[in-house]
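For reference, the structure discussed in these notes is given below.
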DNA sequence: TCTGGGGTCCTAGGACCC
DNA sequence: TCTGGGGTCCTAGGACCC
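In the numbering used here, the protein residues as written are 22 to 452.
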């Protein structure tokens, strides 16, 4: 039994490049919300030494001379392109699960060395031809080793986008050349500690005594150790519903009035409610945090959080938005410059199994809210995101001509590409 | 001037119960 | 001088992932 990890190459950057053939072979970077930091780089941009996470303003000069193409993050585009790729991967594998936005694990059974290699190379060709997106695949007997193999598949052209670790000799060689801080499951903290003990490669780690690993790096570290030694123990995920959902943003600039902050957190609350409905869940607890800008040491700092347990678990926009507004009036203090806020919904259960509270439950009101949300979701699905929003989300500003305009969000996206992939046929699925 | 967002799991320690 | 012991549940914080 083998695991294949299929991983999109520079996913965000290549999704933009798919519709801009002129950018082929040129460095491309994609920015976080508010055009704050670099969150994705094409191979060429990496080669220029542009680091991950660097604030955009520190690189302005390089971008101004056109050396590097810049894009704001375009989630609709990513969602659509990765969806197409995942569909092709799942068609090619007997067993498949998506691990993240740009990675999927496949289980391959009864294939020999050569057919594993052929399968991976063919998958790359098919996906590239079908979607324009390059992918690389790592194949091994544990997921951690497959992940390592996929790094090799990306790094060395000789692998033709597929690296297979299928013998003891290859496993040891792969471990020996792999820095400890790049191992899946070993983060910055653990890597620093391991290095202080003289453990620099994945092989050094795999040769440690198991008891010592258990003592110093608990069960998670032990699992990684076993996987590197070829013992399959990271569980296969099935499709699990989220246990908590968070929507948070930094603002473009800072907000000082409770009204402005309420507009933003109402948006996040509504987005949380939509995410809950999309996965068919309800939440019993709603939380809200508001933070000031911790980079501004000259300004007074404040981080506040509070949460409220709902009498009856809910997914209605009205309920979540209302609760969030209540929380905001509890934690908001005048005199601070707020930079970031977020809504968290947790204690999530299936919508079918609502534990109703005998005092609070109002069947008629519940029915009305459900019908209202269904109607809003349908309209927004057909006519586009945020065609209909509830009143507290609106946000009026005057434009240059003095005319009032209504905005829903205070997030900057100056370099956002068009959405070439969104078509009517994709989004109308109403009965 | 400008500094991302969204998750999960594990553990230690406190509260509480019998 | 003396001050049980063990189990469970919850929470905060740390570490990790993409």
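Quick reminder that beta carbons are idealized off the backbone N, C-alpha and C, glycines included.
Asked	Found
Exposure of residue 73, with buried meaning 16 or more beta-carbon neighbours within 10 Å	exposed
Boundaries (first-last residue) of the beta strand (DSSP E) holding residue 360	359-371
Proximity of residue 255 and residue 248 at Cβ, strictly below 8 angstroms	yes
Candidates 139, 181, 145 and 173: closest to residue 197 by CA position	173
Length of the line joining the Cα atoms of residue 470 and residue 438	With the chain running from 22 to 452 in the structure shown, residue 470 is simply not present.
Proximity winner among 112, 360, 166 and 77, relative to residue 245 (alpha-carbon distances)	166
The stretch 93-109 touching the stretch 73-85, judged by at least three CB pairs closer than 8 angstroms	no
Within the stretch 73-136, ranges of the beta strand (DSSP E) (whole runs, at least 3 residues)	90-93, 116-121 and 124-129
Top-ranked residue by Cα proximity to residue 32, from 442, 123 and 108	123
Stretch pair the stretch 121-139 + the stretch 207-217: three plus CB contacts closer than 8 angstroms	no
Rounded separation between residue 147 and residue 136 - CA only	16 angstroms
Own chain, CB closer than 6 angstroms to residue 311, minus 5 neighbours either side, in chain order	325, 359 and 362
Per-residue burial, residue 268 [other beta carbons within 10 Å of its own, 16 or more giving buried]	buried
Presumed contact (8 angstroms Cβ cut-off) between residue 335 and residue 304, rounded CB distance	7 angstroms
Reduced DSSP secondary structure (H/G/I, E/B, other) of residue 292	helix
Those residues which DSSP pairs with residue 157 across a bridge	28
Between the CA atoms of residue 92 and residue 53 - distance to the nearest angstrom	9 angstroms
Nearest-angstrom Cα separation, counted from residue 275 out to residue 288	17 angstroms
Cβ-based burial, residue 399 [other Cβ within 10 Å; buried from 16]	exposed
Inter-residue Cα distance where the pair is residue 202 and residue 354	42 angstroms
Contact set for residue 182: own chain, Cβ-Cβ below 6 angstroms, skip 5 residues either direction	145, 157 and 174
Delimiting residues of the alpha helix (DSSP H) encompassing residue 242	231-249
Residue environment, residue 22, which counts as buried when at least 16 other CB atoms sit within 10 Å	exposed
Cβ distance (whole Å) where residue 36 is taken to contact residue 154 below 8 angstroms	7 angstroms
Residues bridged to residue 254 (per DSSP)	In DSSP, residue 254 forms no bridge with anything.
Span of the beta strand (DSSP E) around residue 403	Element bounds for residue 403: not the beta strand (DSSP E) but the alpha helix (DSSP H), 384-404.
Whole-Å CB distance - residue 5 paired with residue 55, under 8 angstroms assumed	What is shown of the chain runs 22 to 452, which leaves residue 5 out entirely.
Straight-line gap, residue 78 to residue 397 (C-alpha atoms, nearest Å)	39 angstroms
Residue 274 - DSSP class collapsed to helix/strand/coil	strand
Buried versus exposed, by CB contacts within 10 Å (16 or more), residue 421	Below a pLDDT of 50, predicted positions are generally treated as unreliable, and residue 421, at 48, falls in that range; no measurement from the model is reported.
Residues sharing a beta bridge with residue 310, DSSP	326 and 363
Local Cβ density within 10 Å of residue 345, reported as buried at 16 or more and exposed below that	buried
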